[in-house]
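In this note's numbering, the protein residues as written are 1 to 270.
Beneath this line is the structure, given in structure tokens, with notes to follow.
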Amino acid sequence: AEAARLERRDGHYAVGFADGSEITARTVVLATGARYRRLHVPGIEPLEGASVHYSATVYEAQQCRTDPVAVVGGGNSAGQAVLFLAGYAPQVYLLVRGPSLEAHMSRYLIDQVERHPRVRVLLHTEITEALGEKALEAVTVVDHRTGEHRHLTVRALFVFTGADPHTEWLSGALALDPRGFVLTGAEAQACSVPELWQSQGRDCLTLETSLPGVFAAGDVRSGSVKRVASAVGEGAMSIHFVHRYLDHTAAPGGTDSSSRTRSKKSAWLA
Ligand SMILES: Cc1cc2nc3c(=O)[nH]c(=O)nc-3n(C[C@H](O)[C@H](O)[C@H](O)COP(=O)(O)OP(=O)(O)OC[C@H]3O[C@@H](n4cnc5c(N)ncnc54)[C@H](O)[C@@H]3O)c2cc1C
């Protein structure tokens with residue numbers, strides 16, 4: 001059932017599906033995740049999961065104690081992965097297509113990455129091929145300034161080239177960040193008209209979107225950690241918030257919800 005539309009109607013939310021059907025509800029939890037950008041170069045696909053990874057956890061890092069590894073990407077997640085992996089691997093190459101790290105990485109990370117004795121940053125550099133049958137043996141890279149191709153001996157490749165949220169269907173329905181991830185909490189409130197939250201008699205809850213009673217959990221949420229454990233935790237938290245919302249907000253057609261919630265402000269904050 002592919003959700004295709006979200007709209008507010010008579011105090012409820014209507015979720016429309018691609019097959020034309022629809023459900024209405026008083027609260028909604030958005031958990032539609034994100035699409036990770038994959039690296040499309042020859043030789044990569046068969047090695048995904050074995051030597052080509054899209055996240056860097058202790059599990060992968062512990063397998064990198066003896067050989068050099070490479071990280072692809074120029075953003076904060078790539079920088080964090082490089083520093084983490086450098087605690088395990090003897091050499092970590094950071095492969096960046098652009099001319100500098102400044103465009104997408106925070107200063108504090110750049111300083112640590114550039115100072116680290118086991119990290120080597122290769123700018124203007126792109127992977128053109130992954131070599132190895134059952135496990136990665138090397139990658140071919142091209143330096144775009146010189147056009148020179150060369151092999152780097154690495155036994156693992158970590159790809160951090162970003163993710164696109166599954167939020168096309170939410171465009172215009174609620175506040176999204178510039179990359180399309182769903183804003184929640186204080187950031188969502190800052191994008192709403194002040195009267196909206198005044199009428200609720202409370203501030204926007206953590207994990208609540210710019211639509212009162214609509215929550216977001218996991219990768220789809222702006223600023224999320226992009227890990228299974230955090231997505232599961234946010235899912236559990238969001239259900240707790242759903243119960244609080246339902247407990248403190250009158251159903252449409254019942255008691256006037258705005259005056260009722262105003263009188264319940266202390267309960268919300270408890
Ligand atoms: C290759 C890879 C390896 C990873 N490795 C790790 C790892 O080792 N450790 C770790 O902690 N994390 C890892 N991650 C990240 C982890 O998978 C995510 O952080 C986690 O799955 C996020 O959960 P989620 O529920 O937010 O989203 P998802 O797991 O992406 O689930 C979202 C679901 O919503 C569905 N959906 C999307 N749009 C709609 C729609 N319009 N209507 C209905 N359904 C929709 C999708 O089909 C999907 O089933 C990895 C990710 C990738 C891609």
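Glycine included, each C-beta is placed from N, C-alpha and C at the ideal position.
A quick note: this is a predicted structure, and the numbers were derived from the prediction, not measured.
Under DSSP, the alpha helix (DSSP H) around residue i begins and ends at which residues?
{"i": "HIS144", "result": "Element bounds for HIS144: n/a, residue is neither H nor E."}
{"i": "TYR36", "result": "Counting along the chain, TYR36 falls outside any alpha helix (DSSP H), though it belongs to the beta strand (DSSP E) covering 34-36."}
Which class does residue i belong to by DSSP, given the choice of helix, strand or coil?
{"i": "LEU269", "result": "Any answer about LEU269 is weak, because its pLDDT of 47 lies below 50 and its placement is not dependable; what the coordinates show is given next. Helix."}
{"i": "ILE127", "result": "strand"}
{"i": "ASP111", "result": "helix"}
{"i": "HIS277", "result": "Residue 277 falls outside the range modelled here, since the chain spans only 1 to 270, and no answer is possible."}
{"i": "VAL242", "result": "helix"}
{"i": "THR261", "result": "Note that THR261 scores 41 on pLDDT, short of 50, meaning its location in the model is unreliable and no value can be drawn from it."}
{"i": "HIS12", "result": "strand"}
{"i": "LEU205", "result": "coil"}
{"i": "ALA190", "result": "helix"}
{"i": "ASP256", "result": "Since pLDDT at ASP256 reaches only 43, below the 50 mark, its modelled position is unreliable, and the value read off the structure follows with that caveat. Note: ASP256 maps to coil in three-state DSSP."}
{"i": "GLU137", "result": "coil"}
{"i": "ALA251", "result": "coil"}
{"i": "GLU195", "result": "helix"}
{"i": "LEU176", "result": "strand"}
{"i": "GLY20", "result": "coil"}
{"i": "GLU102", "result": "coil"}
{"i": "LEU211", "result": "coil"}
{"i": "ALA236", "result": "helix"}
{"i": "LEU170", "result": "helix"}
Among all the DSSP beta bridges, which residues are the ones paired with residue i?
{"i": "VAL228", "result": "Partner(s): none; VAL228 has no beta bridge."}
{"i": "VAL71", "result": "LEU94, PHE158"}
{"i": "PRO165", "result": "ALA34"}
Would you kindly check if the distance between the Cβ of residue j and the Cβ of residue i is under 7 Å?
{"i": "TYR88", "j": "ALA50", "result": "no"}
{"i": "GLU7", "j": "ALA18", "result": "no"}
{"i": "GLU234", "j": "GLY213", "result": "no"}
{"i": "HIS40", "j": "GLY75", "result": "no"}
{"i": "VAL113", "j": "VAL141", "result": "no"}
{"i": "VAL92", "j": "VAL69", "result": "yes"}
{"i": "HIS144", "j": "HIS124", "result": "yes"}
{"i": "GLU126", "j": "ARG97", "result": "yes"}
Could you tell me the boundaries of the beta strand (DSSP E) in which residue i lies?
{"i": "TYR54", "result": "From DSSP, TYR54 is part of no beta strand (DSSP E); its letter is neither H nor E."}
{"i": "PHE84", "result": "That residue, PHE84, is in no beta strand (DSSP E); its alpha helix (DSSP H) goes 76-85."}
{"i": "GLU273", "result": "Since the first and last residues shown for the chain are 1 and 270, residue 273 lies out of range."}
{"i": "ARG120", "result": "119-122"}
Report yes if the C-beta of residue i is less than 6 Å from at least one heavy atom of ligand 2; otherwise report no.
{"i": "VAL228", "result": "Ligand 2 is absent from the structure shown, which contains only ligand 1."}
Could you tell me whether the stretch 152-172 touches the stretch 50-59, where touching means 3 or more Cβ pairs closer than 8 Å?
By the Cβ rule, the stretch 152-172 counts as touching the stretch 50-59, because three or more pairs are nearer than 8 Å.
Counting Cβ pairs closer than 8 Å, one from the stretch 31-48 and one from the stretch 162-175, do we hit at least three?
yes
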